[in-house]
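**Student:** If you're matching them up, the sequences are chains C and P in order. To convert, note that position 240 of the first sequence is 240 in the working numbering; the numbers rise steadily by one, no gaps. To convert, note that position 364 of the second sequence is 773 in the working numbering; the numbers rise steadily by one, no gaps. Beta carbons: idealized from backbone N, C-alpha and C, even for Gly. Because the structure is a prediction, the values reported are computed rather than measured.
2 protein chains.
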Amino acid sequence: MKTAILSVGTELLFGQIVNTNAVFLSKELNNMGFDVMYHHTVGDNPGRLASMITSTIEDVDMILVTGGLGPTQDDLTKEVACNVFEDELIINEKILDQISEYFVRTGRNMTENNAKQALVPSRATVFHNDAGTAPGFALEKDGKYIICMPGPPREMTHMFEISVKPFLEKMSDGFMRYKLLRLYGIGESLLETKLLDIIDGQTDPTVATYAKEGECQLRIASKRSSAEEADKAVQDMVDVISERVGEYIFSYDNEELVDVVGRMLLEKKLTIASAESCTGGLFAAALTDIPGISQTFKAGFVTYSNEAKVRELGVNEETLAKYGAVSEETAKEMVEGLAKVTGCDVCVSVTGIAGPGGGTEEKPVGLVYIGFKYGDKCFVTKKLGAGASRKWIRNHTLLGILDIVRRNI
Amino acid sequence: MKTAILSVGTELLFGQIVNTNAVFLSKELNNMGFDVMYHHTVGDNPGRLASMITSTIEDVDMILVTGGLGPTQDDLTKEVACNVFEDELIINEKILDQISEYFVRTGRNMTENNAKQALVPSRATVFHNDAGTAPGFALEKDGKYIICMPGPPREMTHMFEISVKPFLEKMSDGFMRYKLLRLYGIGESLLETKLLDIIDGQTDPTVATYAKEGECQLRIASKRSSAEEADKAVQDMVDVISERVGEYIFSYDNEELVDVVGRMLLEKKLTIASAESCTGGLFAAALTDIPGISQTFKAGFVTYSNEAKVRELGVNEETLAKYGAVSEETAKEMVEGLAKVTGCDVCVSVTGIAGPGGGTEEKPVGLVYIGFKYGDKCFVTKKLGAGASRKWIRNHTLLGILDIVRRNI
Numbered sequence: 001m002k003t004a005i006l007s008v009g010t011e012l013l014f015g016q017i018v019n020t021n022a023v024f025l026s027k028e029l030n031n032m033g034f035d036v037m038y039h040h041t042v043g044d045n046p047g048r049l050a051s052m053i054t055s056t057i058e059d060v061d062m063i064l065v066t067g068g069l070g071p072t073q074d075d076l077t078k079e080v081a082c083n084v085f086e087d088e089l090i091i092n093e094k095i096l097d098q099i100s101e102y103f104v105r106t107g108r109n110m111t112e113n114n115a116k117q118a119l120v121p122s123r124a125t126v127f128h129n130d131a132g133t134a135p136g137f138a139l140e141k142d143g144k145y146i147i148c149m150p151g152p153p154r155e156m157t158h159m160f161e162i163s164v165k166p167f168l169e170k171m172s173d174g175f176m177r178y179k180l181l182r183l184y185g186i187g188e189s190l191l192e193t194k195l196l197d198i199i200d201g202q203t204d205p206t207v208a209t210y211a212k213e214g215e216c217q218l219r220i221a222s223k224r225s226s227a228e229e230a231d232k233a234v235q236d237m238v239d240v241i242s243e244r245v246g247e248y249i250f251s252y253d254n255e256e257l258v259d260v261v262g263r264m265l266l267e268k269k270l271t272i273a274s275a276e277s278c279t280g281g282l283f284a285a286a287l288t289d290i291p292g293i294s295q296t297f298k299a300g301f302v303t304y305s306n307e308a309k310v311r312e313l314g315v316n317e318e319t320l321a322k323y324g325a326v327s328e329e330t331a332k333e334m335v336e337g338l339a340k341v342t343g344c345d346v347c348v349s350v351t352g353i354a355g356p357g358g359g360t361e362e363k364p365v366g367l368v369y370i371g372f373k374y375g376d377k378c379f380v381t382k383k384l385g386a387g388a389s390r391k392w393i394r395n396h397t398l399l400g401i402l403d404i405v406r407r408n409i
Numbered sequence: 410m411k412t413a414i415l416s417v418g419t420e421l422l423f424g425q426i427v428n429t430n431a432v433f434l435s436k437e438l439n440n441m442g443f444d445v446m447y448h449h450t451v452g453d454n455p456g457r458l459a460s461m462i463t464s465t466i467e468d469v470d471m472i473l474v475t476g477g478l479g480p481t482q483d484d485l486t487k488e489v490a491c492n493v494f495e496d497e498l499i500i501n502e503k504i505l506d507q508i509s510e511y512f513v514r515t516g517r518n519m520t521e522n523n524a525k526q527a528l529v530p531s532r533a534t535v536f537h538n539d540a541g542t543a544p545g546f547a548l549e550k551d552g553k554y555i556i557c558m559p560g561p562p563r564e565m566t567h568m569f570e571i572s573v574k575p576f577l578e579k580m581s582d583g584f585m586r587y588k589l590l591r592l593y594g595i596g597e598s599l600l601e602t603k604l605l606d607i608i609d610g611q612t613d614p615t616v617a618t619y620a621k622e623g624e625c626q627l628r629i630a631s632k633r634s635s636a637e638e639a640d641k642a643v644q645d646m647v648d649v650i651s652e653r654v655g656e657y658i659f660s661y662d663n664e665e666l667v668d669v670v671g672r673m674l675l676e677k678k679l680t681i682a683s684a685e686s687c688t689g690g691l692f693a694a695a696l697t698d699i700p701g702i703s704q705t706f707k708a709g710f711v712t713y714s715n716e717a718k719v720r721e722l723g724v725n726e727e728t729l730a731k732y733g734a735v736s737e738e739t740a741k742e743m744v745e746g747l748a749k750v751t752g753c754d755v756c757v758s759v760t761g762i763a764g765p766g767g768g769t770e771e772k773p774v775g776l777v778y779i780g781f782k783y784g785d786k787c788f789v790t791k792k793l794g795a796g797a798s799r800k801w802i803r804n805h806t807l808l809g810i811l812d813i814v815r816r817n818i
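Next up, the structure:
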């Protein structure tokens, strides 16, 4: 089924906000097996909105519209959609009650504008808005559909999950199921090579690879006549892939690497501490973004200067003089010192040259040493991210540290 | 002048990447006084691309296209633009030389595909690509323009700044100049109230306020018959605004607060250290994102546990027992201990409840204490971000710390 995503809002045309709604809906629709042919954005102008809907619906089977459903005079999506799809707006008493309740619950006064939000097209399937006041709806004419949702991402994503997705699933001819696997430590081309026969021979399930900022993703999707069949087809393929490249897969469920590592530490009841130089606290900041992490993360050091490495971690001054701050020896003494100072179960250290300055022929920008200690296991890993930017090197080093923790606890 | 932004690329329709090009161009065009009427996205399909350009150009004076200029068979923007604007592609020898040089410089082999990139419309104004191989161009027909740029954001923004912006400035009737002021510590509504007479009475310069994740922005723009006049009109207005709300303005030139603080520290040759609890290293990570910051940032502590606060910073166990880890007293002892341990000129400490758990009636989620010490100046500031998410609290606390440093060094 061919679809288009239409975003309504002048603030998008000013570049004030990023269109995350289009990204979210594109992912969801593609994952459900719909084809997304266009993204369009127009301002709060009824004439341009009407001609955009009219011309787009000639080309596709369904338009998903976000925005322009609010209570102000600018919000005209409902009226325009109604005109183009030849319907009329009527008061929906149930929604009117829900909006009144919403205002009582939040202790605010309901204005006449808000009552206008209870107007919906007479033939529409109405979607209740649990996160706000503007209802959404789906309207059909001659086998073509327009689906209207509120613009605020929180309201839109909530309505999509609760109401629109089930509505679309019913429309779809068959049951689409998919899994998103995430991998670290293998490049996209090597991954494709290892799975070439699967990718080349695919019909259903389909297997697609994506590269994304230092990691790879695998999307495995199947469309069958029952949900159970589709689930089984996906799982069977996941098992095959897991046998070939399982060591690189850190999530079978589209999780971030830091969340996986945080959960593992919490489940295993291990404490952790970090000593960072080139990443400057990125590891600690990423880990402490997880609620409840204080159960496992106890202390971090950002030993940016040599003095701090000596003072806080007990790194030998001779080691720094002989091998330099960016060296296997320093990374080792950092992680050993960290374990001694904090007594944590798991300790990580990192020292490197993030650039753009500070590189030499012997020790170029991008050279990074990661130290790891857990019980008797203690080692240093060398990484080289040649030719990359400061941001890239820091972010990839963060992923590198996290993956070492994941593989060794 | 009415414009539309057209992004070409199937990966956008898959939701794999966010359309930052449209955001960047929208901001730039609006700032230069152009009206952005539409954003469109189409996949790598010549038929749909052609009809999109054909229908859009009826409605606007200029289309800015990004993407589809690469060397592969998918890249068809040039051919399609040429067809719609009735021109033909010819080899541009200068570009061919530049592409060959690029391959020599980067030590790679040039393929026939790459030579195809030297083809440009015969009537076009050509824009050289300093950051890649695909050239951009502007093509005119019957007073309407199409401007094509490469898709990768780094190449596109570079080409826009170097070549497209000057080209557009010449097209514009008059000279547009603007400044983006950034403010912290004042809400958008209070800011509007303080500038109400200016905003209400505005014709030229125009003054617009935006709220953005804990800060406010003010855009002051003027369009005059000469650049000097426009510059002066903007500067005069900036002076008036500066007199009213100057204390909140951290940048007159659209800089990030962390970059402003980093620059101030480097200029004043001050060393700094941090002791973070609830922000978990965010401050250190943000500051160390700045190249060359090792001159000023010496050491950071992420004292997430009470033990770490006592061990690393010398916080009294009785203080923790009596007042708790999240208290004015603890924040004060943290910053004093930090100064003693590191000897840095400027020291900051932070302790708070980032949530979602851990809050009480007396000490709710969002309660944060920030300690600051510089010479004899030593104080603790209390902040309360009630009802907010963990991410919001952590990010706003980071801005709060940075602003305290900015105001006190």
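What separation, rounded to the nearest whole angstrom, lies between the Cα atoms of residue 134 of chain C and residue 150 of chain C?
**Tutor:** 7 Å
**Student:** So the candidates are C:401, C:118 and C:180; which of them puts its Cα closest to the Cα of residue 221 of chain C?
**Tutor:** Checked all of C:401, C:118 and C:180; the closest Cα to residue 221 of chain C is C:180.
**Student:** In its own chain, which residues sit with a C-beta less than 8 Å from the C-beta of residue 647 of chain P, not counting the 5 before and 5 after it?
**Tutor:** 588, 590, 629 and 661
**Student:** For chain C, check one thing: does any of its Cβ atoms lie closer than 8 Å to the Cβ of residue 805 of chain P?
**Tutor:** no
**Student:** My understanding is that residue 326 of chain C touches residue 367 of chain C, with C-beta atoms under 8 Å, so please give their C-beta distance in whole angstroms.
**Tutor:** Confirmed, about 6 Å.
**Student:** Is the beta carbon of residue 280 of chain C sitting closer than 8 Å to the one on residue 533 of chain P?
**Tutor:** no
**Student:** So which of P:655, P:799 and P:443 has the shortest CA-CA distance to residue 583 of chain P?
**Tutor:** P:443
**Student:** Along chain P, in chain order, which residues have C-beta atoms closer than 8 Å to that of residue 128 of chain C?
**Tutor:** Those within 8 Å of residue 128 of chain C in chain P number zero; the least Cβ separation is about 24 Å.
**Student:** In the DSSP output, which residue or residues are listed as bridge partners for residue 91 of chain C?
**Tutor:** Answer is C:119.
**Student:** For a contact meaning CB atoms closer than 7 Å, what does residue 210 of chain C contact in chain P?
**Tutor:** 425
**Student:** Give a yes or no on whether 8 Å exceeds the smallest Cβ distance from residue 77 of chain C to chain P.
**Tutor:** no
**Student:** Note down, in chain order, each residue of its chain lying with its Cβ closer than 6 Å to the Cβ of residue 419 of chain P, except the 5 sequence neighbours on either side.
**Tutor:** 452 and 453
**Student:** Is there a Cβ of chain P sitting closer than 8 Å to that of residue 298 of chain C, yes or no?
**Tutor:** yes
**Student:** Along the alpha helix (DSSP H) that carries residue 821 of chain P, what are the first and last residues, could you check?
**Tutor:** Because chain P here runs from 410 to 818, residue 821 of chain P falls outside it and cannot be looked at.
**Student:** For residue 322 of chain C, name the three-state secondary structure that DSSP assigns.
**Tutor:** Residue 322 of chain C: helix per DSSP, three-state reduction.
**Student:** Give the residues from the region 352–382 of chain C that approach chain P closer than 9 Å (Cβ to any Cβ), ordered along the chain.
**Tutor:** 354, 355, 356, 357 and 358
**Student:** Leaving out five residues before and five after residue 699 of chain P in sequence, what residues of the same chain have Cβ atoms less than 6 Å from its Cβ?
**Tutor:** Within the same chain, residue 699 of chain P has close Cβ partners 671.
**Student:** So which residues of chain C does residue 520 of chain P contact, with C-beta pairs closer than 7 Å?
**Tutor:** For residue 520 of chain P, there are no neighbours in chain C by C-beta distance under 7 Å, as the nearest C-beta there is about 17 Å away.
**Student:** Using a beta-carbon distance below 8 Å, is residue 450 of chain P in contact with chain C?
**Tutor:** yes
**Student:** Just how far apart, CA to CA, sit residue 57 of chain C and residue 152 of chain C?
**Tutor:** 24 Å
**Student:** Quick check on this structure: which residue in P:785, P:437, P:410 and P:426 has the alpha carbon closest to the alpha carbon of residue 586 of chain P?
**Tutor:** P:437
**Student:** Using a Cβ-Cβ cut-off of 8 Å, state whether residue 561 of chain P counts as contacting chain C.
**Tutor:** no
**Student:** Residues of chain P with a CB under 7 Å from the CB of residue 303 of chain C: which are they?
**Tutor:** 708
**Student:** Between which two residues does the alpha helix (DSSP H) carrying residue 603 of chain P extend?
**Tutor:** 597–603
**Student:** Could you name the residues of chain P that residue 32 of chain C contacts, counting a contact when the two beta carbons are closer than 7 Å?
**Tutor:** None at all; the shortest Cβ gap to chain P is about 12 Å.
**Student:** Just to make sure I have the definition right: I need the residues of chain P whose C-beta is within less than 9 Å of the C-beta of residue 340 of chain C. Which are they?
**Tutor:** Residues of chain P passing the Cβ test: none, with the nearest at roughly 12 Å.
**Student:** Mind checking which residues open and close the beta strand (DSSP E) that includes residue 39 of chain C?
**Tutor:** 35–42
**Student:** Can you check whether the CB of residue 380 of chain C is closer than 8 Å to the CB of residue 328 of chain C?
**Tutor:** yes
**Student:** Mind checking which residues open and close the beta strand (DSSP E) that includes residue 659 of chain P?
**Tutor:** Residues 658–660.
**Student:** Using only CA atoms, which one of C:217, C:26 and C:60 lies nearest to residue 1 of chain C?
**Tutor:** C:60
**Student:** Just to confirm my understanding: we take residue 248 of chain C, look at its own chain, exclude 5 residues before and 5 after, and list those with CB closer than 7 Å. What are they?
**Tutor:** 183, 184, 185 and 186, listed in sequence order.
**Student:** Please say whether residue 272 of chain C and residue 296 of chain C have beta carbons closer to each other than 8 Å?
**Tutor:** yes
**Student:** Please state the DSSP three-state secondary structure of residue 215 of chain C.
**Tutor:** strand
**Student:** I believe residue 475 of chain P touches residue 416 of chain P by the beta-carbon criterion, under 8 Å. Please report the beta-carbon distance rounded to the nearest angstrom.
**Tutor:** 5 Å
**Student:** Would you verify that the beta carbon of residue 281 of chain C is, or is not, closer than 8 Å to some beta carbon of chain P?
**Tutor:** So, interface residue.
**Student:** Judging by CA-CA distance, which residue of P:711, P:707 and P:744 is the nearest neighbour of residue 724 of chain P?
**Tutor:** P:744
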